[in-house]
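Chains as they are written, first to last, in this note's numbering: chain A, 1 to 295; chain B, 1001 to 1512. Think of the CB as a built atom: it goes at the ideal place given N, C-alpha and C, for glycine as much as any other residue. Heads up: the structure comes next, in structure tokens.
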Amino acid sequence: MKLRRTMMFVPGNNPGMLINAGIYGADTIIFDLEDSVALSEKDAARHLVYNAMKSINYSCEVAVRINHISTPFGYKDLETILAVKPDLIRLPKAETAADIEEIDEIITAAEIKHGFLPGSINMMAAIETAKGIRNAYSIAAASPRMVALAIGGEDYLADLQTSRTKDGKEFFAGRGQLILAAREAGIHAIDTVFGDVNNEEDFIAETTRIKEMGFDGKSVVNPRQINIVHEIYTPTEKEIDHAQRVIAAYEESLARKSGVVSLNGKMIDIPVVKRAQRTLAYANAVGKNEGGTTL
Amino acid sequence: MINGVGRDIPEKIAGIKSVKPYVGPFSYVPTGRLMGPRIKINKPRSEKVLASIEQAIEASGLKDGMTISFHHHFRNGDYVLNMVIAAIAKKGIKGLTLAPSSLNTINEEIIPYIEQGVITAVETSGARGKLGQLLTSGKLSKPTIIRSHGGRARAIECGELHIDVAFIGAPACDTYGNINGVEGKSACGSLGYAMVDAAYADKVVAITDHLVPYPLFPISIPQTQVDYIVPVEAIGDPKGIASGALRISKDPRELLIAQYATTAIEYSGYFKQDYSIQLGSGGASLAAARFLKEKMQKKGITASFGLGGVTAPFIEMLEEGLIKAVYDVQDFDIPSIESIKKNRNHQEMSASFYANPHNGGPIVNQLDVVILSATEVDVNFNVNVITDSNGVIMGAVGGHQDTAAGAALSIVVAPLLRGRLPMVMDQVHTVCTPGETVDIVVTERGVAVNPLRADLKDNLKAANIPLMDIEELRNIAYEFAGKPDPIEVSDKIAAVVEYRDGTLVDVIRTTA
Chain A
1 MKLRRTMMFV PGNNPGMLIN AGIYGADTII FDLEDSVALS EKDAARHLVY NAMKSINYSC
61 EVAVRINHIS TPFGYKDLET ILAVKPDLIR LPKAETAADI EEIDEIITAA EIKHGFLPGS
121 INMMAAIETA KGIRNAYSIA AASPRMVALA IGGEDYLADL QTSRTKDGKE FFAGRGQLIL
181 AAREAGIHAI DTVFGDVNNE EDFIAETTRI KEMGFDGKSV VNPRQINIVH EIYTPTEKEI
241 DHAQRVIAAY EESLARKSGV VSLNGKMIDI PVVKRAQRTL AYANAVGKNE GGTTL
Chain B
1001 MINGVGRDIP EKIAGIKSVK PYVGPFSYVP TGRLMGPRIK INKPRSEKVL ASIEQAIEAS
1061 GLKDGMTISF HHHFRNGDYV LNMVIAAIAK KGIKGLTLAP SSLNTINEEI IPYIEQGVIT
1121 AVETSGARGK LGQLLTSGKL SKPTIIRSHG GRARAIECGE LHIDVAFIGA PACDTYGNIN
1181 GVEGKSACGS LGYAMVDAAY ADKVVAITDH LVPYPLFPIS IPQTQVDYIV PVEAIGDPKG
1241 IASGALRISK DPRELLIAQY ATTAIEYSGY FKQDYSIQLG SGGASLAAAR FLKEKMQKKG
1301 ITASFGLGGV TAPFIEMLEE GLIKAVYDVQ DFDIPSIESI KKNRNHQEMS ASFYANPHNG
1361 GPIVNQLDVV ILSATEVDVN FNVNVITDSN GVIMGAVGGH QDTAAGAALS IVVAPLLRGR
1421 LPMVMDQVHT VCTPGETVDI VVTERGVAVN PLRADLKDNL KAANIPLMDI EELRNIAYEF
1481 AGKPDPIEVS DKIAAVVEYR DGTLVDVIRT TA
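See below:
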């Protein structure tokens, strides 16, 4: 099971952060060439990220957020970065399936040029406008390379003509649409960043909320947020125990060749069995081991 | 001759009385008797309070070539050392040995007096900035002697460091010489380093900005040891003496190191009810206090005692009952000073009680776990905390050697890279703490266990931390930063680094 609980943004123009990006245990690191890099630094950031990826062996998934192909930087970003085979290209401000299709073609060409396995470079898209949300499914389904949809933060709220609130009403519609689109397309749904790094309480509340909505993970901006998200996403002992008992009951019913699964005298539906299977697969994937540091 | 950590120590070093090479942490067996100060007399109704530092210098009988001492409890807010040396210089006294418990940047003011020959030799735990550069330059007539806090207490008690006059900054002092560190505007908390000086110096001068009527209570340094008292306007800058509560680091790399270090403690086998702990005052150590606290609460265990170098996170643990008692040689912040004043379970101790290897037993011998920082570590686990990447003195040995030797588990924390310099390397420039006393090295990219501790390595396998050989850590560091060329040095020895038992663990040569 591929985990993307945390996707950590790392500004592409900060060599110190590029060097250490891989040590904090994020499931994915995203080297950013877009919003965290000033216009005057775009070339430098592209060059730094290229060289970091070429020389450093990162042990996690490495993504690069390119500038949109409608800007003067997007194509150059792709040309440079694809040569060092990122695991994932993240497109910002995706609005149509055509955006995805065009980048897919560029990646396909790069894979041939550099002799990479065809289809080995994945894509994800961040949706940051109402139009993008409306097209979310077609964006998600536009290429077999697509592995995740993410919802963008401030741009999306500006487009909606609203702003951040404590309980996240402003994101309600967008998050709801995004998770539906991602699930229909069978890919991950990733939530937006929470920028107030020192506000642990609200960060925990927001992360808990988006996990309950069905999101697979969250974009983070600081290594200190990683453990918090991972903890929220780690199944509890109680959940694991329950899942194990559900599976045992299910297997027993199979052995009895009975269509009825019951646990403690209560009937269990097949979706509950599926959820239990998912919980156990998840616990396995996060390497939940007794008391160890889950980083 | 090659010593026990593979360093080439000349058989004779000009200016050093006897050169004994380091063999092993407990190899040297002392003989003989302790040194005693001169016998004193003070007749009834005689006056100890003098009008000026000049008068005290005269009364103490300070002459050319003698040794004077100071404590560094006022840290970077210290006025005493600078003002006394200025007064000594005015009197035309020359050729003194300066033997403070340590030196801070604020003491750079005395550089002209070293250049003028008022001070011609220095014995200290360390130095920073321009003073560090000067001590590395070889311009003094004798090599500087670097000693740990325990080693200094030992050297004083056994007579290797004989103090003629100790000048003791006294945050509170009564008219008959009783001193404590917890009252007055320049309160610094524990006076642990000064206690040894007061007990063994021939003459003791208290310099105070808080002279109170007799008697003062509580007493840290008693009237029986104090000869003269000089009231002055100010002995220190409170802002430099103690910070407010130090904030826990937000540097993710320090936090990661702290997390690995505390997880290592948790799985080491020493994390049990009534274990004991010392933490440093660096960023990673303070963060470690927070994580350790969480782990202790989760596991429901408490510590029998904490040792230090005391900081606010430690005090919080004391007050919450997670640590039963704190033994304190020095305070770093205001909450610690407040605590030692009011909390009976927060005990002041002398540097000798803390760490002297040649007494009936220092408290470091009872220590289970210590976290120490490092400037450089090598593949033999030797640690450098004194010289920088240019070979210049920029730190202090402090209690590093003492706690590493005494504790059952000594953990050294350091970033693997500082800027573009590797911190785990083939050979440290200066050995301060021998690798055989270091059990675990923790960096942000990996944790290495000393091969001497196979038991620990087994225990840590269950912890989810990146265990690797120290050579692997070095390789990662070199892969990023390249292998640094050795620092070019001359034959001239600028300083010697004593091990806590008085043998030489390394020498510091002047840089080319």
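Close partners of Arg1474(B) in chain A (Cβ separation under 8 Å) are lacking, with about 16 Å as the shortest Cβ gap. Listed by position along chain B, the residues whose Cβ is nearer than 9 Å to that of Tyr233(A) form an empty set, because the closest Cβ is around 16 Å away. The C-beta distance from Thr1302(B) to Leu1322(B) rounds to 5 Å, short enough to meet the 8 Å contact threshold.
As the crow flies, the alpha-carbon of Val1428(B) is around 21 Å from that of Val1370(B). Residue burial annotation: Pro1044(B) is exposed, with fewer than 16 other C-beta atoms found within 10 angstroms of its C-beta. A buried status is given to Asp1197(B), since no fewer than 16 other beta-carbon atoms sit within 10 Å of its beta-carbon. Sequence-distant partners of Leu1135(B) (beyond 5 residues in either direction) whose C-beta falls short of 7 Å from its own C-beta, in its chain, are Val1122, Ala1127, Thr1144, Ile1393, Ala1494, Ala1495. For Ile23(A), a Cβ of chain B is located within less than 8 Å of the residue's own Cβ.
Residues are counted here when their Cβ sits less than 8 Å from a Cβ of chain B; for the stretch 14-47 of chain A these are Ile19, Asn20, Ile23, Tyr24, given in chain order. Contact of Arg1445(B) with chain A is assigned, a C-beta pair being separated by under 8 Å. For Gln1225(B) and Ile1163(B), the gap between their C-alpha atoms comes out near 13 Å.
CA-CA distance, Phe1271(B) to Ala1289(B), rounds to 14 Å.
If you compare the alpha carbons of Lys93(A), Lys218(A), Ala125(A) with that of Asp104(A), the shortest gap goes to Ala125(A).
As the crow flies, the alpha-carbon of Glu1109(B) is around 29 Å from that of Glu1376(B). Membership of Lys1492(B) in the beta strand (DSSP E) is indicated by the continuous run 1489-1498. Taking a beta-carbon distance threshold of 8 Å, Phe1480(B) counts as an interface residue toward chain A. Taking each of Ala1374(B), Leu1211(B), Ile1093(B), Asp1333(B) in turn and checking the Cα distance to Gln1116(B), the smallest one comes out for Ile1093(B). Between His1073(B) and Gly1181(B) a beta carbon distance of about 6 Å is seen, short of the 8 Å cut, so the two are scored as contacting.
Boundaries of the beta strand (DSSP E) harbouring Glu1123(B): 1119-1124, taken from the DSSP string. Residue-level contact by beta carbon fails for Leu1467(B) and chain A, as no gap is shorter than 8 Å. Bounds of the alpha helix (DSSP H) holding Asp1197(B) are 1192-1200.
Between the beta-carbon of Leu1367(B) and that of Gln1278(B) there is about 6 Å, and that keeps the pair under the 8 Å contact cut. Contact with chain B is found for Asn222(A), since one of that chain's Cβ atoms lies less than 8 Å from the residue's Cβ. Note that the C-beta distance between Asp1064(B) and Gly1015(B) is not below 8 Å. Counting along the chain, Ala150(A) sits inside no alpha helix (DSSP H); it lies in the beta strand (DSSP E) bounded by residues 146-151.
Rounded to whole angstroms, Ala1374(B) and Ala1404(B) show a C-alpha spacing of 12 Å.
Here Met1(A) is exposed, its C-beta having fewer than 16 other C-beta atoms within 10 Å. Pro1252(B) belongs to the set of residues whose beta carbon lies under 8 Å from a beta carbon in chain A.
The beta carbon of Leu82(A) is closer than 6 Å to those of Ala110 in its chain, skipping five residues each way along the sequence. In this structure, Ala1287(B) is the residue among Ala1287(B), Asn1178(B), Ser1304(B), Gln1297(B) with its C-alpha nearest to the C-alpha of Thr1311(B). When C-beta atoms of the stretch 116-130 of chain A are compared with those of the stretch 85-93 of chain A, three or more pairs fall below 8 Å, so the two segments count as touching. A direct Cα-to-Cα measurement between Gly1395(B) and Phe9(A) gives close to 36 Å. Asp269(A) and Leu180(A) have their C-alpha atoms spaced approximately 23 Å apart. Under DSSP, Gln1347(B) takes part in a beta bridge, and its partners are Tyr1327(B). Going by DSSP, Pro271(A) is part of no beta strand (DSSP E) but of the alpha helix (DSSP H) stretching over 270-285. Looking at the DSSP output, Ala1303(B) shares a beta bridge with Tyr1275(B), Ile1323(B).
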